[in-house]
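S.K.: Heads up, this note's numbering is the position in the sequence shown plus 17, with the first residue counted as 1. Dumping the structure here so I can ask a few things about it.
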Amino acid sequence: MKRAVLSLLCLGALTLRAAEPAKTMTIQTNKTELAAFGGGCFWCTEAVFKELPGVKSVTSGYAGGHMPNPTYQQVCSGDTGHAEVIQIEFGPQKISYEKLLEVFWEVHDPTTPNRQGPDTGTQYRSIILYRDEAQKQAAEKSKAEAAKRFSKPIETQIVPFKDFYKAERYHQDYFRKNPNDVYCRINIPPKLEKLKKLRDKEAKH
Numbered sequence: 018m019k020r021a022v023l024s025l026l027c028l029g030a031l032t033l034r035a036a037e038p039a040k041t042m043t044i045q046t047n048k049t050e051l052a053a054f055g056g057g058c059f060w061c062t063e064a065v066f067k068e069l070p071g072v073k074s075v076t077s078g079y080a081g082g083h084m085p086n087p088t089y090q091q092v093c094s095g096d097t098g099h100a101e102v103i104q105i106e107f108g109p110q111k112i113s114y115e116k117l118l119e120v121f122w123e124v125h126d127p128t129t130p131n132r133q134g135p136d137t138g139t140q141y142r143s144i145i146l147y148r149d150e151a152q153k154q155a156a157e158k159s160k161a162e163a164a165k166r167f168s169k170p171i172e173t174q175i176v177p178f179k180d181f182y183k184a185e186r187y188h189q190d191y192f193r194k195n196p197n198d199v200y201c202r203i204n205i206p207p208k209l210e211k212l213k214k215l216r217d218k219e220a221k222h
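Take a look at the structure:
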């Protein structure tokens with residue numbers, strides 16, 4: 018009788034242990050990661066990356082500088098060393114970091130130092146801020162592949178992530194809130210069109 022009870026207890030324990038990995042897998046599946054890119058005005062890059070399935074949130078802000086908690090005016094002066102960047106929270110099970118990089122190269126010109134379209138200054142430089150060795154390697158590999166498509170050298174910086182400072186509230190989700198803003202109407206639709214062409218190309222394959 019004791020042996021039978023012990024057998025049932027052991028069987029129950031094994032069943033519980035077998036169920037534990039499934040619970041862990043569920044937690045991992047819901048995990049998100051962060052990426053940080055700068056490709057000119059963050060109103061533009063934010064509007065593009067918000068369109069991607071698997072991207073949970075996009076936050077406009079400042080990174081790559083030396084002054085803590087900079088304001089927009091301070092960043093625009095060029096004295097803080099920051100770039101306008103976006104921080105992307107994404108689900109790697111739905112969209113990979115490599116796919117984010119592919120879109121990054123597609124929707125801005127990485128060959129123009131400190132300039133994107135009408136915007137000039139170090140705050141508009143092309144920059145990738147990696148959080149770990151895996152992101153660094155992926156960024157460098159992606160850059161090498163992208164270089165084959167451009168006639169001029171890529172100027173994009175690939176640097177370690179240090180700090181990210183969220184931009185002022187009125188910068189967040191700017192295009193959605195201000196679709197009739199003249200700057201937005203001129204500069205953002207062409208980038209969204211590039212994203213659409215990339216998606217259409219992938220759909221055909």
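Where a beta carbon is used, it is the ideal one built from N, C-alpha and C, also for glycine.
Where do the N-terminal and C-terminal ends of the beta strand (DSSP E) with Ala80 fall, by residue?
M.R.: Indexing the sequence shown from 1 puts residue 80 at position 63. Run containing Ala80: 72-80, per the beta strand (DSSP E) assignment.
S.K.: Along the chain, where does the beta strand (DSSP E) containing Glu106 start, and where does it finish?
M.R.: Here residue 106 refers to the residue found at position 89 of the sequence shown. 100-107 is the extent of the beta strand (DSSP E) around Glu106.
S.K.: In its own chain, which residues sit with a C-beta less than 8 Å from the C-beta of Val120, not counting the 5 before and 5 after it?
M.R.: Position 103 of the sequence shown, counting from 1, holds the residue named residue 120. Excluding sequence neighbours, Val120 sits near Val65, Phe66, Leu69, Leu212, Leu215.
S.K.: I need the boundaries of the alpha helix (DSSP H) containing Gln152, first residue and last residue.
M.R.: Taking the sequence shown and counting its residues from 1, the one referred to as residue 152 is at position 135. Segment 150-164, the alpha helix (DSSP H) holding Gln152.
S.K.: Classify Ser168: buried if its beta carbon has 16 or more other beta carbons within 10 angstroms, exposed otherwise.
M.R.: Counted from its first residue, the sequence shown places residue 168 at position 151. Flag for Ser168 reads exposed.
S.K.: Measuring CA to CA, which of Pro87, Val92, Ala163, Leu51 is closest to Arg10?
M.R.: Any question about residue 10 goes unanswered here, given that the chain covers just 18 to 222.
S.K.: Please report the Cβ distance between Leu51 and Gln110, rounded to the nearest whole angstrom; I am assuming they are in contact, meaning their Cβ atoms lie under 8 Å.
M.R.: Against the sequence shown, residue 51 aligns to sequence position 34. Against the sequence shown, residue 110 aligns to sequence position 93. The Cβ separation is near 15 Å, so there is no contact.
S.K.: Measure the CB-CB distance between Phe178 and Gly78 and report whether it falls below 8 Å.
M.R.: In the sequence shown, the residue the question calls residue 178 occupies position 161. In the sequence shown, the residue the question calls residue 78 occupies position 61. The answer is no: Cβ separation not under 8 Å.
S.K.: Locate the alpha helix (DSSP H) running through Phe192, then write down its first and last residues.
M.R.: Here residue 192 is taken as the residue at index 175 of the sequence shown, counted from 1. Residues 191-194.
S.K.: The beta strand (DSSP E) that contains Tyr182, what's its start and end?
M.R.: Taking the sequence shown and counting its residues from 1, the one referred to as residue 182 is at position 165. 181-183 is the extent of the beta strand (DSSP E) around Tyr182.
S.K.: So for Ser168, helix, strand or coil by DSSP?
M.R.: What you label residue 168 is simply residue 151 of the sequence shown in a count that begins at 1. The DSSP-derived three-state label of Ser168 is coil.
S.K.: Once you ignore the five residues that flank Tyr187 on each side, which residues in its own chain have a CB closer than 6 Å to its CB?
M.R.: Position 170 of the sequence shown holds residue 187. Contacts found: none.
S.K.: Count the other CB atoms within 10 Å of the CB of Ala184; is the residue buried (16 or more) or exposed (fewer)?
M.R.: Within the sequence shown, numbered from 1, the residue matching residue 184 stands at position 167. Ala184 is buried by the Cβ-count criterion.
S.K.: Which of the three DSSP states is assigned to Val124 in this structure?
M.R.: Locating residue 124 in the sequence shown gives position 107, where the first residue counts as 1. Coil, per DSSP.
S.K.: Give me, in chain order, the residues of the same chain whose beta-carbon lies closer than 8 Å to that of Glu115; leave out the 5 immediate sequence neighbours on both sides.
M.R.: To locate residue 115, count along the sequence shown from 1; it is residue 98. Within the same chain, Glu115 has close Cβ partners Ala155, Ser159.
S.K.: DSSP beta-bridge partners for Gln133?
M.R.: By 1-based counting over the sequence shown, the position of residue 133 is 116. In the DSSP output, where bridge partners are listed per residue, Gln133 has Asp136.
S.K.: Leu28 by DSSP, collapsed to three states: which one?
M.R.: Numbered from its first residue, the sequence shown carries residue 28 at position 11. With a pLDDT of 44 at Leu28, under the threshold of 50, the modelled position of that residue is not reliable, and the figure given next carries that caveat. Three-state result, Leu28: helix.
S.K.: What three-state label does DSSP hand Gln110 in the structure shown?
M.R.: Here residue 110 refers to the residue found at position 93 when the sequence shown is read from its first residue. If DSSP states are grouped into helix, strand and coil, Gln110 belongs with coil.
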